[in-house]
Structures are given as structure tokens and as C-alpha cells.
Amino acid sequence: MAYYPERRSLSRRLKPYFTVFDWPLAMVLFMLLTTSVITMSSAGAEFPGRVEAQMRNFLLAFVVMWLAALVPPQTLMRLAVPVYTFGVTLLIAVAAFGIIKKGARRWLHVGVDIQPSEIMKIATPLMLAWYFQNRAKIGSWKSFAVAAVLLVVPFALIAKQPDLGTALLVGASGFYVIFLAGLSWKVLIGLAVGGAACLPVAWSMMHDYQRERIMTLIDPTSDPLGKGFHIIQSTIAIGSGGVMGKGYGKGTQGQLEFVPEQTTDFLFSVYSEEFGLVGNLFLLVIYLLLIGRGMMIAANAPNLFSRLLAGAITMIFFTYAFVNMGMVSGILPVVGVPLPFMSYGGTAFITLGLGAGILMSIQRHRKLVQT
Numbered sequence: 017m018a019y020y021p022e023r024r025s026l027s028r029r030l031k032p033y034f035t036v037f038d039w040p041l042a043m044v045l046f047m048l049l050t051t052s053v054i055t056m057s058s059a060g061a062e063f064p065g066r067v068e069a070q071m072r073n074f075l076l077a078f079v080v081m082w083l084a085a086l087v088p089p090q091t092l093m094r095l096a097v098p099v100y101t102f103g104v105t106l107l108i109a110v111a112a113f114g115i116i117k118k119g120a121r122r123w124l125h126v127g128v129d130i131q132p133s134e135i136m137k138i139a140t141p142l143m144l145a146w147y148f149q150n151r152a153k154i155g156s157w158k159s160f161a162v163a164a165v166l167l168v169v170p171f172a173l174i175a176k177q178p179d180l181g182t183a184l185l186v187g188a189s190g191f192y193v194i195f196l197a198g199l200s201w202k203v204l205i206g207l208a209v210g211g212a213a214c215l216p217v218a219w220s221m222m223h224d225y226q227r228e229r230i231m232t233l234i235d236p237t238s239d240p241l242g243k244g245f246h247i248i249q250s251t252i253a254i255g256s257g258g259v260m261g262k263g264y265g266k267g268t269q270g271q272l273e274f275v276p277e278q279t280t281d282f283l284f285s286v287y288s289e290e291f292g293l294v295g296n297l298f299l300l301v302i303y304l305l306l307i308g309r310g311m312m313i314a315a316n317a318p319n320l321f322s323r324l325l326a327g328a329i330t331m332i333f334f335t336y337a338f339v340n341m342g343m344v345s346g347i348l349p350v351v352g353v354p355l356p357f358m359s360y361g362g363t364a365f366i367t368l369g370l371g372a373g374i375l376m377s378i379q380r381h382r383k384l385v386q387t
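In terms of the working numbering, the sequence shown is residues 17 to 387.
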């Protein structure tokens, strides 16, 4: 009797493509995106089309996340060297003939203007995780020295543009991989002492605007209508929210547009004014859930590459949130870092969506291995 293979229904064939999501992580992201839409609809009331554009950013980030979740970690490992090399090549091209905007050479024109430094936020930890998985002798000083070179190259190229904020984020993403790979606390203490000793040299090498940002952090009232305006108005908004907040759409600092960049870098100040300390605690809990779920995925990852990559991506989310809330609250210099999955912006959402998709890929393929 002839054998006819069983035909699977269309729904069964498509099911693997729609079961890629890690639902605990997806639910946390949904809460953040919902909070973003609510806050954006108030903060962006005077910016026609801003909420609609943010929704398009959500959709694009969702597609990127979905596609990344479909890619197995083994494929990501094979892509690590080409993606890192491609990213560094683009950074060199930026240094050679990039477009200058507002005094900074950060963009390449390839039909549209692109900012290659964004690629390195994922490419750098991807490359370092591949290196420790395949080439490095874990724990040896030579392995950490080579890893440091792989990190310093993109960091230096981005800092030279100049774009210190992005350089610090790329540096942090790579440092997390090196730290999770077993960097000794003694080395960390030595680096901290050496870094402190080099502060005078670093200060002399900074651009004028970078030194001004640090001095403004120390005393924003020294230039209240200029360099200190951002921090002063932001801290007024946060403080005026009190415990319960003024209510949705009733924040005077935000509604009267005293807060600069209120839909992008300083969205948190508008949120704080309208929802107060209670709202801030709610937002902090959501971010803690995001970090906790990411660390759980990293801890359960099947190999060193996946553990290092998942851990670094999770800590990137933490760094985004910590730096943004810190600069908006006046305890860190203003460096142009958005609040993750909240602030308006297309490029940042794509990067964050890619990171979330990689976490989901690592979790999904761990389950497939176990079954």
C-alpha cells in the first residue's frame, strides 16, 4: 500500500513562527510600551503626529524583535565576526567622509542618513561573546587583553565623532561581557584606581561642550537659561509631581513646554510630574522585572556564548534606564540617552527590539534543546 506523508495544516506550519516569544518578557515589554503611549499622548500633545509616529516605531521594533527571535543562537555566533567587522568598517568610513551635523561627524549618507554607531551596541557584545566562546582561554590575562582591544576600537572611533553618550553605552555593553566572563575584582579595582588617576588627562582631552555638561551638573544655576536649563526644568517637574502626581495631562512643566526634549530624552520628567512618586515606583518595578527576566534567561542559557550575550543585553537595558533617569534627575550629566522602550525615537527602538529578540531566541532555543 502506498504511503502518503501526512500533510500539516497551514496553521500548524505557521505555528513555529508565532510561538517564538518569551511571554514573561513580552508582557513586561507590553506594560512599558503601554506606559509609553499614555505618557507620549500627554507629552506630545503639541507635536502633531508624534504618537502615531511612535506607534510606527513600536511596529518596526516588533518586527525586528520577531525576526531576531527566529534566528538560532548558533547563527548569531556565525554572524558575530562579519557584523562586528562591518560595523567597525562603517565607523572608519564615518571618520573619513561622514556627514557633519551640529558639529559632530556621526552619519553616513547611503541614500538615507544612517548612524553606524548604533550597530555597535549589539555587535560589540556579540563579538566579545563569540571570542570568549571560541578563542579565549577563560581566566587568562591574554584573553582579557585581546577582549579589551576589541572593545576599545569601536569605543575610540565613536568617542572621536564625538558622541560620548553612545561611546559609553557601547563601552558598557562590551565591559559587561568581559566582566561576566570572569574578570577579577582585583583587576576592576586596579582599573578604577588607574581611571581616577587619569581624570586630569581625560579632562584636558574633552571637548568644551563635554566639560560644560559636567560643570553644569555640579551647578546648573550657573547658566540657568542656557546649559543648565534642561536640568533645572526637569528637576522642577519631577519635584512638583509629589507623591501622587498632578494627574494625566495636568503637568504644568510638560504641558506648558518648559521641559525640553519632553518626548525624547526627558520624557521621564513629564511622567514623574503627572504620576508622581507612586508612578515612578511602578515604572521601576517594571524595569526590575525586565532586568530580572533577562538575567533568568542568561542564567539558564545552554552555553557560554548565550549566557554572556544575554547577560550583556540585559545590562544594556539597565544602563539605558539608569543613565536616563540619572541625567533627568540631575545626578548624572546630560548625555542624550533615551528611556528604554519609552522615549520617542526610531533608531533606539530598533536596537532595543533587536536586543529583546535575541533574548527570546536564546530562551526559545534552550527549550527546543531540552525537548
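From the three backbone atoms N, C-alpha and C, an ideal C-beta is built for every residue, glycine too.
Since this is a predicted model, take the numbers as computed values, not measurements.
Counted within 10 angstroms of its Cβ, other Cβ atoms place Leu185 as buried (16 or more) or exposed: buried
Could you tell me whether the Cβ atoms of Ala317 and Ala328 are closer together than 8 Å? no
Arg151 - DSSP class collapsed to helix/strand/coil: coil
Cβ-Cβ separation, Val351 to Gly181 (assumed contact under 8 Å), whole Å: 4 Å
For Pro170 and Ser256, the rounded distance between their alpha carbons: 41 Å
Rounded to whole angstroms, what is the Cα-Cα separation between Ala120 and Ala183? 13 Å
Let me make sure I understand the geometry here. Which of Thr280, Thr55, Lys137 has the alpha-carbon closest to that of Ala372? Lys137
Where does Ser133 land, buried or exposed, given buried means 16+ other C-beta within 10 angstroms? buried
Restricting to runs no shorter than 3 residues, where is the beta strand (DSSP E) found entirely within the segment 260-330? none
Taking Ile115 as part of the alpha helix (DSSP H), name the residues at either end of that continuous run. Ile115 -> not in any alpha helix (DSSP H); beta strand (DSSP E) instead, spanning 115-117.
One question on the structure: do Tyr303 and Ala253 come within less than 8 Å of each other, judged by their Cβ atoms? no
When we look at the beta-carbon of Tyr147 and count the other beta-carbons within 10 Å, is it buried (16 or more) or exposed? buried
Which residue wins for smallest C-alpha separation from Ala164, given the options Leu144, Gln177, Asn150? Leu144
Could you compute how far the alpha carbon of Phe298 sits from the alpha carbon of Gly263? 15 Å
How far does the beta strand (DSSP E) with Leu348 in it extend, from its first residue to its last? Here Leu348 belongs to no beta strand (DSSP E), and DSSP marks it neither H nor E.
Reference Leu45; option with closest CA among Ala161, Leu305, Asp129: Leu305
To the nearest angstrom, report how far apart Leu355 and Val217 are at their CA atoms. 31 Å
Could you give the DSSP three-state label for Leu106: helix, strand or coil? helix
I need the DSSP call for Ile130, collapsed to helix, strand or coil. strand
So what does DSSP say about Ala120, is it helix, strand or coil? strand
The alpha helix (DSSP H) enclosing Gln70, as first and last residue numbers: 66-86
Please list the terminal residues of the continuous alpha helix (DSSP H) segment that includes Met43. 39-59
Residue ranges of each alpha helix (DSSP H) within the segment 138-190, 4 or longer: 157-175
Distance check for Pro40 and Arg382, CA to CA, integer angstroms please. 15 Å
Is the separation between the beta-carbon of Thr251 and that of Ala59 shorter than 8 Å? no
Return the bridge partner residues of His125 from the DSSP annotation. Asp129
Hey, quick one: how far does the alpha helix (DSSP H) through Phe245 stretch, first residue to last? 245-256
Kindly indicate which three-state DSSP category Leu355 falls into: helix, strand or coil? coil
So which of Leu124, Ile347, Thr91 has the shortest CA-CA distance to Thr105? Leu124
Using only the alpha-carbon positions, how far apart do Thr50 and Val67 sit? 12 Å
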